[in-house]
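**Student:**
There are 2 protein chains.
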Amino acid sequence: MIEFDLKPMFSPQSIAIIGASSDESKIGGRPLYMLKQIGFKGEIFPVNPKYLEIAGYRCLPDIQSLPKHVDLAIIAVKSNAVLSSLELLATRSIKSAVIFSSGFAEVGAEGIEMQNKLTGFIKKSGIPVAGPNCNGFTNLKENVIASFSPVNLDQVDPIAFISQSGAVATVTTKLIRDIGCGYQYLVGTGNEAGVDFFDYVNYFAQQQEVKVIGGYLEGARNKESMDRALASCLENEKPLVLLKVGNSEKGADAATSHTGSLAGNSAIYRSYLNKKNVIQVNSEEELVDTLALFNNAKLPSSLGDVALVTGSGGAGIIMADKCEEYGVPLAKLHPETTAKLKDLLPSFAALGNPIDVTAQVLQTLDNLFESIEVILNDANVGTVVYYMQLWDHLAPTFIPRLEQIASNTDKTFIVCWSGVADETKQKFRESDFCWMPTPSRTIRALKNMNEYNRNRLTGSYKKFSSEERMTVPQALEAVFGNANEHTGKTYLAKYGISVPTGKVVTSIQDAVNAAEEIGYPVVMKIASEQIAHKSDAGGVKINVKSDLEVKAAYDEIWTNAKNYNPNAQLEGILVEKMIEDGIEVIIGSVQDPLFGPCILFGIGGIFVEVFNDVVLRPAPLTREDAYEMVQSIKGYTILKGARGKGPYDIGTLVETLVRISEFSFDQSEWLKELDINPVIVHEKGKGVTAVDALIVGNEKKVSHTNSAIEAVR
Amino acid sequence: MIEFDLKPMFSPQSIAIIGASSDESKIGGRPLYMLKQIGFKGEIFPVNPKYLEIAGYRCLPDIQSLPKHVDLAIIAVKSNAVLSSLELLATRSIKSAVIFSSGFAEVGAEGIEMQNKLTGFIKKSGIPVAGPNCNGFTNLKENVIASFSPVNLDQVDPIAFISQSGAVATVTTKLIRDIGCGYQYLVGTGNEAGVDFFDYVNYFAQQQEVKVIGGYLEGARNKESMDRALASCLENEKPLVLLKVGNSEKGADAATSHTGSLAGNSAIYRSYLNKKNVIQVNSEEELVDTLALFNNAKLPSSLGDVALVTGSGGAGIIMADKCEEYGVPLAKLHPETTAKLKDLLPSFAALGNPIDVTAQVLQTLDNLFESIEVILNDANVGTVVYYMQLWDHLAPTFIPRLEQIASNTDKTFIVCWSGVADETKQKFRESDFCWMPTPSRTIRALKNMNEYNRNRLTGSYKKFSSEERMTVPQALEAVFGNANEHTGKTYLAKYGISVPTGKVVTSIQDAVNAAEEIGYPVVMKIASEQIAHKSDAGGVKINVKSDLEVKAAYDEIWTNAKNYNPNAQLEGILVEKMIEDGIEVIIGSVQDPLFGPCILFGIGGIFVEVFNDVVLRPAPLTREDAYEMVQSIKGYTILKGARGKGPYDIGTLVETLVRISEFSFDQSEWLKELDINPVIVHEKGKGVTAVDALIVGNEKKVSHTNSAIEAVR
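Here the protein sequences line up with chains A and B, keeping their order. To convert, take the position in the first sequence, counting from 1, and add 271; that gives my numbering. To convert, take the position in the second sequence, counting from 1, and add 271; that gives my numbering.
Given below as structure tokens:
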């Protein structure tokens with residue numbers, strides 16, 4: 272995949288508009304007038320044979336008349352003229368282009384064909400082309416508007432926002448303006464025939480002035496481009512905040528697809544993005560709030576807990592609740608801090624955390640501001656959130672003082688001011704100060720910044736969210752247990768995965784031989800289709816430990832079975848390695864169209880669908896990956912040992928995960944799905960046994976190792 | 272608890288202001304000027320010896336000069352003069368009062384004493400008194416402002432909002448105004464020395480004009496008043512939307528309290544409120560959005576699924592994701608509907624659900640509106656959400672058409688219009704039309720309305736949320752397993768709860784006698800402090816079925832034990848009823864200060880802390896309650912039977928829950944805590960066994976039935 276140079280696109284010295292119009296409401300007219308209005312400094316070349324001049328710019332009759340140094344072409348012609356325009360532009364050495372025109376992949380077969388040709392041309396020529404079917408982009412710091420959508424000109428912050436929906440792009444522009452911010456870069460990616468979502472991310476990650484990148488993502492087109500962009504974000508320490516949507520298609524597509532790849536997608540995305548320290552948000556508001564916070568607040572260079580300073584008891588309780596809900600740690604104030612606050616605040620102020628400074632303190636503002644500084648200076652505190660509401664008349668006094676406090680500290684200082692009037696909003700917009708609208712929204716955004724910063728500083732990954740513990744793909748469930756017993760064990764055994772061994776015998780001597788071959792202790796069970804409840808029939812002996820015991824057990828089982836059901840056809844007695852008790856886990860593998868084979872791990876057995884305590888990650892896994900997966904499920908507590916049971920053999924479990932991931936990766940050409948449930952994790956030192964496995968090939972089920980071997984548990 | 276008559280408070284014909292001030296910024300001045308400004312129709316009597324007249328009203332020198340028919344007194348005097356004022360007001364037959372004055376329970380010991388006296392007087396006199404330390408209330412439809420807080424006069428909807436925080440009250444007033452609504456009734460409850468939060472709820476539930484009641488609740492003061500109010504909401508079909516906060520105190524209080532009552536509180540509240548069909552929200556935005564939706568949208572008289580109609584693909588995906596996340600069912604359109612839409616919409620419109628009508632349809636508006644009507648007429652559809660964005664210039668055309676569509680249907684029709692300008696907001700405010708701000712917020716509010724309506728229509732209760740499956744109180748955990756074996760089993764057995772029976776014997780004949788007494792099959796285990804791992808020592812025999820087998824087992828165990836550790840002191844052999852395999856659950860009881868004894872039930876054993884699949888409900892339980900509890904945990908899937916195991920004995924489990932709840936209720940004078948974990952639920956027909964129980968009395972631990980009896984599982 273080409274790494275496009277997007278500099279000429281976002282910082283053009285000259286712009287041509289192919290299909291320029293004098294009508295300001297047309298997509299060929301809007302950018303021209305907006306460029307003029309905003310005062311774009313470079314050259315502008317409208318191209319349209321119908322005009323000699325538009326908006327004061329000389330209009331060229333055709334693309335051939337363009338000079339050979341144009342950085343960016345905006346293409347606003349009919350869809351069937353797009354490719355030929357682009358070909359002509361290439362002859363004029365155009366350095367980049369954006370196609371507004373629609374009528375491509377989004378309208379069906381004919382459009383898809385046109386778009387494929389476009390993609391072919393882009394690949395061949397190497398010209399970075401945005402769109403088609405997009406509303407373009409802006410770089411407001413350099414007065415570049417290559418877009419026909421409304422633009423927020425009254426606030427420009429070093430935020431880049433990339434959207435796979437034009438509508439979401441413009442709507443979030445409005446939403447973020449409401450909390451005092453504006454995008455410098457805004458991109459609607461359209462159909463992404465050339466430059467894709469993550470190419471933009473990659474470019475912005477490398478722009479020094481950009482503080483934070485946001486995005487609305489339906490799906491990545493190319494893993495290589497995504498890998499490159501996210502590596503770049505990590506390297507340049509650019510926070511990336513994504514609203515990844517399209518997670519509900521699994522339901523709609525369940526009928527047509529048994530691969531689980533779509534259902535898997537959203538969980539795999541989550542896991543993959545977590546690993547890259549991408550901040551994943553869950554709504555439009557959370558998106559803009561988090562971007563605004565990153566833009567406005569300082570990212571501290573060391574970790575510290577949060578102090579909540581509030582004039583309203585209610586707001587303090589809401590924030591404290593949210594801190595607990597989101598796992599944001601509240602600071603324990605140093606006794607010295609508390610002592611100082613006692614002197615500064617009214618006697619009935621609450622000096623815990625939240626610190627309720629009371630409304631009365633508004634009558635002694637110096638004490639309030641000094642209190643905030645005292646709290647900021649507490650070594651236990653990394654972030655102070657100050658909550659205030661209404662009282663717009665105090666804004667002119669407050670905002671400069673708050674700004675001053677913020678500039679005097681290296682810590683994070685956030686102000687949540689609820690219910691403010693438009694004038695106060697405007698005052699905040701003019702300051703460089705961080706302003707958040709409500710207690711709940713403040714703490715939600717803070718959680719995102721906190722997690723990002725913790726991961727950045729400690730290199731540890733995000734805790735897996737509850738969504739990540741996704742539903743086990745319906746597909747796995749649908750085929751589970753339906754296939755015949757076969758040679759699956761052989762596949763697994765080749766990768767060193769432990770499976771129970773067993774043999775059906777029909778004589779005492781064969782039983783003794785089998786037991787010696789398998790190794791003591793063994794389990795013995797009657798094998799008869801007519802005896803379903805083997806234990807009830809006295810047909811099971813566990814923990815058989817010697818030749819003598821085998822002989823006795825053989826006779827006893829046979830007699831019991833005969834007595835239990837004289838008409839039963841006895842096929843023999845199954846002698847099998849005794850499987851130690853343990854915790855049941857599930858290990859599986861699914862093929863994802865974007866990520867390839869992905870490994871699923873979680874608490875298994877009968878608990879698998881109920882608790883969905885499952886995590887997914889692309890194969891192959893390193894030992895570190897596998898260990899992280901094991902640690903990330905809730906059931907890790909059980910594996911470590913709980914209530915007097917365990918610890919269990921986590922070392923072998925990690926090894927087994929790695930081997931299964933290698934198996935899935937090696938065999939991915941034919942392997943569609945692997946589902947081993949349960950895998951029994953025995954006590955520490957006693958290993959792991961894959962008891963029941965289902966293997967599905969690309970075309971048909973290949974193998975199912977049945978638990979002929981069912982432990983008496 | 273008195274049921275106050277709040278009519279004179281909220282619909283007064285005459286208002287006295289004790290401590291009236293001519294200073295508009297003072298709490299004794301603000302209501303006077305605001306009443307004048309809004310045009311209160313009744314009489315106003317300022318009382319203050321300092322003035323002859325304020326704002327054109329004749330000012331009385333003292334309370335004694337008041338006429339005897341005054342409905343409401345606003346008290347704005349110093350805290351130490353409040354009680355005497357109230358006593359004087361009583362002599363003037365005052366019908367209700369609100370105390371603005373602070374300086375009571377919120378400032379410590381002295382204030383608490385004053386407040387207790389106040390409460391005593393209120394109880395004795397029966398006069399409904401609001402506050403103290405409150406910012407009052409409004410009834411804007413009748414021009415009543417008994418408040419000193421800012422009031423939103425430009426929008427009055429039949430919404431009542433009650434807040435235990437004055438700040439939250441005023442802030443949500445602003446937030447709801449942003450989405451086009453305003454409260455008719457707004458109450459800041461203050462310290463609730465007299466009238467409490469739920470007294471207000473009870474009153475508003477009985478007011479015919481009120482469409483929806485909202486509240487910010489930190490905690491109920493009195494269960495009787497809460498019961499009464501919620502019964503009234505159910506009876507009058509008034510939706511009650513609560514932001515219940517203070518759920519994080521459990522962390523802070525964990526050190527001082529081992530009762531778990533605070534931690535339990537929030538889970539018990541949730542469970543209790545769910546049962547009363549109270550809508551519980553999780554943030555300030557969700558609160559106002561839900562209130563606005565109930566105010567504006569029609570509550571359909573039958574259930575139906577949701578159709579999402581959108582001009583933006585992105586918004587459609589977000590809404591579909593949210594529908595799945597929140598369990599809001601999407602409608603499957605009738606083929607006839609789809610056929611009609613094909614004629615009305617552009618060829619590349621997506622006719623699934625979401626229905627993407629495309630931006631192009633804005634050029635043929637009649638087709639758009641007709642499409643919406645076609646979808647509303649689909650029998651599978653109960654609710655249509657129409658998403659639109661920006662394009663404010665279309666608002667004058669759109670809003671009347673949308674209003675018309677809404678008035679022509681009995682179904683729920685909701686418009687989400689994102690990123691609108693202030694003028695459009697104002698147009699929506701002027702219409703009676705339902706307007707929501709973003710896709711995520713729309714579906715979140717819709718979920719709340721949907722759930723409420725489903726419960727209303729079907730009588731079924733809300734599904735238990737993930738929060739409700741709360742962490743098992745730390746307290747239970749802290750004491751678990753530390754007490755001595757004792758007589759707990761006796762307590763439980765008296766209530767018919769099955770516990771395993773067993774006996775330690777020291778001779779073969781005693782073993783046989785014990786086994787016969789207990790009933791076969793039995794388990795036999797060596798009893799020796801020196802032999803911890805009984806199985807390793809060959810010291811365990813399960814499924815022993817006859818006298819003969821007992822004798823053989825006795826010898827074998829004794830010999831094995833002697834061989835295993837010749838120095839071990841053998842106390843004897845434990846003969847015990849063999850416990851069938853099954854699912855481990857936990858049943859417990861905690862004392863809650865408000866709700867009394869509450870029963871905890873969930874998946875137990877080693878899974879208990881990990882999955883927190885637990886539900887709580889006040890005792891005593893009816894069989895129906897117990898059955899609902901069993902059905903409400905995630906693990907119900909397992910109990911019903913999953914992956915070839917089960918079904919388990921749910922009938923006996925329900926019975927056991929009822930009996931344990933009766934035990935807890937009967938014994939609540941001395942019983943502080945009961946923790947039975949695990950309770951084994953056997954297969955259907957085979958009952959339930961309480962294997963290990965911890966009972967804690969009010970002062971000390973009373974009993975712990977240890978699992979001397981540990982099943983070999």
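Backbone N, C-alpha and C fix where the C-beta goes; we use that ideal spot for every residue, glycine too.
(1) According to the Cβ coordinates, are Asn423/A and Arg448/A closer than 7 angstroms?
(2) Report yes or no: is there a C-beta of chain A within less than 7 angstroms of the C-beta of Ile589/B?
(3) Return the Cβ separation of Ile550/B and Trp706/B in integer angstroms, given the expectation that the two are a contact with Cβ distance under 8 angstroms.
(4) Assuming Ala568/B contacts Ile685/B under a Cβ cut-off of 8 angstroms, what Cβ separation, rounded to an integer in Å, is found between them?
(5) If you pair each beta-carbon of the region 902-920 of chain B with each one of the region 829-843 of chain B, do three or more pairs fall below 8 angstroms?
(6) Any contact between the region 939-959 of chain B and the region 914-925 of chain B? By contact I mean 3 or more CB pairs, one from each, below 8 angstroms.
(7) Name the two residues that bound the continuous beta strand (DSSP E) containing Pro671/A.
(8) Which of the three DSSP states, helix, strand or coil, is assigned to Leu845/A?
(9) Would you call the region 553-566 of chain B and the region 604-624 of chain B touching, i.e. three or more CB-CB distances under 8 angstroms?
(10) Short of 7 angstroms Cβ to Cβ, which residues in the region 543-555 of chain A face chain B?
(11) Could you tell me which residues DSSP puts in a beta bridge with Asp471/B?
(12) Quick check on the burial criterion: 16 or more other C-beta atoms within 10 angstroms. Buried or exposed for Asp896/A?
(13) Give the secondary structure of Leu893/B by DSSP, where H, G and I count as helix, E and B as strand, and everything else as coil.
(14) Give me, in chain order, the residues of the same chain whose beta-carbon lies closer than 6 angstroms to that of Met305/A; leave out the 5 immediate sequence neighbours on both sides.
(15) Pull up the CB-CB distance for Val655/B and Val580/B, whole angstroms please, since I reckon it's below 8 angstroms.
(16) Going along chain A in order, which residues have a C-beta closer than 9 angstroms to the C-beta of Leu633/B?
(17) Starting from Asn948/A, trace the beta strand (DSSP E) in both directions and tell me its first and last residue.
(18) Whose C-beta lies closer than 8 angstroms to the C-beta of Asn995/A among residues of the same chain, with five residues either side of it excluded?
(19) Please confirm whether Leu661/A has its beta-carbon closer than 7 angstroms to some beta-carbon of chain B.
(20) Given that a residue counts as buried once 16 or more other Cβ atoms are within 10 Å of its Cβ, and exposed if not, what is Asn548/B?
(21) Of all the alpha helix (DSSP H) runs that stay within the bounds of the region 767-807 of chain A, which reach a length of 4 or more residues?
(22) Could one say the Cβ of Ala824/B lies closer than 7 angstroms to chain A's Cβ atoms, at least one of them?
(23) By how many angstroms is the C-alpha of Ile951/A removed from the C-alpha of Pro771/A?
(24) Please confirm whether Val439/B has its beta-carbon closer than 7 angstroms to some beta-carbon of chain A.
(25) Which first and last residues belong to the beta strand (DSSP E) in which Pro1026/A is found?
(26) First and last residue of the beta strand (DSSP E) that includes Tyr487/B?
(27) Quick one: list the residues of chain B neighbouring Val422/A, beta-carbon separation under 8 angstroms, in chain order.
(28) Using only CA atoms, which one of Ser711/A, Gly767/A and Leu360/A lies nearest to Ile288/A?
(29) Within a Cβ cutoff of 8 angstroms, which residues of the same chain sit near Glu555/B, ignoring the five residues on either side of it in sequence?
(30) List the residues of chain A whose Cβ lies closer than 8 angstroms to the Cβ of Lys905/B, in chain order.
(31) Tell me, please, whether the region 465-474 of chain A touches the region 389-406 of chain A by the rule of three or more beta-carbon pairs shorter than 8 angstroms.
(32) Distance, Cα to Cα, Ala526/B vs Ser537/B?
(33) My output table needs one value for Asp576/B: the three-state DSSP class, helix, strand or coil.
(34) For a contact meaning CB atoms closer than 8 angstroms, what does Ser711/A contact in chain B?
(35) Among Val885/A, Trp829/A, Gly875/A and Ser935/A, whose alpha-carbon lies nearest the alpha-carbon of Asp863/A?
(36) Considering only residues of the same chain and omitting the five flanking positions on each side of Ile931/A, which have a CB-CB separation below 6 angstroms?
**Tutor:** In this structure, then:
(1) yes
(2) Yes - at least one Cβ of chain A is within 7 angstroms of the one on Ile589/B.
(3) Actually they are not in contact, since the Cβ atoms of Ile550/B and Trp706/B sit about 20 angstroms apart, beyond 8 angstroms.
(4) 6 angstroms
(5) no
(6) At 8 angstroms Cβ cutoff, the stretches touch.
(7) Note, Pro671/A: premise wrong, no beta strand (DSSP E); alpha helix (DSSP H) at Ala666 to Ser678.
(8) Residue state, collapsed to three classes: strand.
(9) no
(10) Ser554 and Glu555
(11) Residue 471/B is actually Tyr in this sequence, not Asp. For Tyr471/B, DSSP records no beta bridge to any residue.
(12) Burial state of Asp896/A is buried, judged by a 10 Å Cβ sphere holding 16 or more other Cβ atoms.
(13) Checking the sequence shown, residue 893/B turns out to be Thr, not Leu. Thr893/B sits in coil when the DSSP states are folded into three classes, being neither helix nor strand.
(14) Ile416
(15) 6 angstroms
(16) Those within 9 angstroms of Leu633/B in chain A number zero; the least Cβ separation is about 12 angstroms.
(17) Leu942 to Val952
(18) The question about residue 995/A has no answer here: the residues shown for chain A are numbered 272 through 984.
(19) So, interface residue.
(20) By the beta-carbon neighbour count (other beta carbons within 10 angstroms, threshold 16), Asn548/B is buried.
(21) 779-789
(22) no
(23) 11 angstroms
(24) yes
(25) Since the displayed chain A opens at 272 and closes at 984, residue 1026/A lies outside it and no answer follows.
(26) Val483 to Leu488
(27) Here the premise fails: no neighbours, minimum Cβ distance about 12 angstroms.
(28) Closest option to Ile288/A, judged by alpha-carbon separation, among Ser711/A, Gly767/A and Leu360/A: Leu360/A.
(29) Val439, Val442, Thr443, Leu446 and Leu514
(30) Residues of chain A passing the Cβ test: Val881 and Phe882.
(31) The region 465-474 of chain A vs the region 389-406 of chain A: in contact.
(32) Summary for Ala526/B: the model assigns pLDDT 25, below 50, so the residue's position carries little reliability; its value from the coordinates is reported in the next sentence. Those two C-alpha atoms are separated by around 18 angstroms.
(33) Asp576/B: strand per DSSP, three-state reduction.
(34) Asn553, Ser554, Glu555 and Glu556
(35) Ser935/A
(36) Ile858
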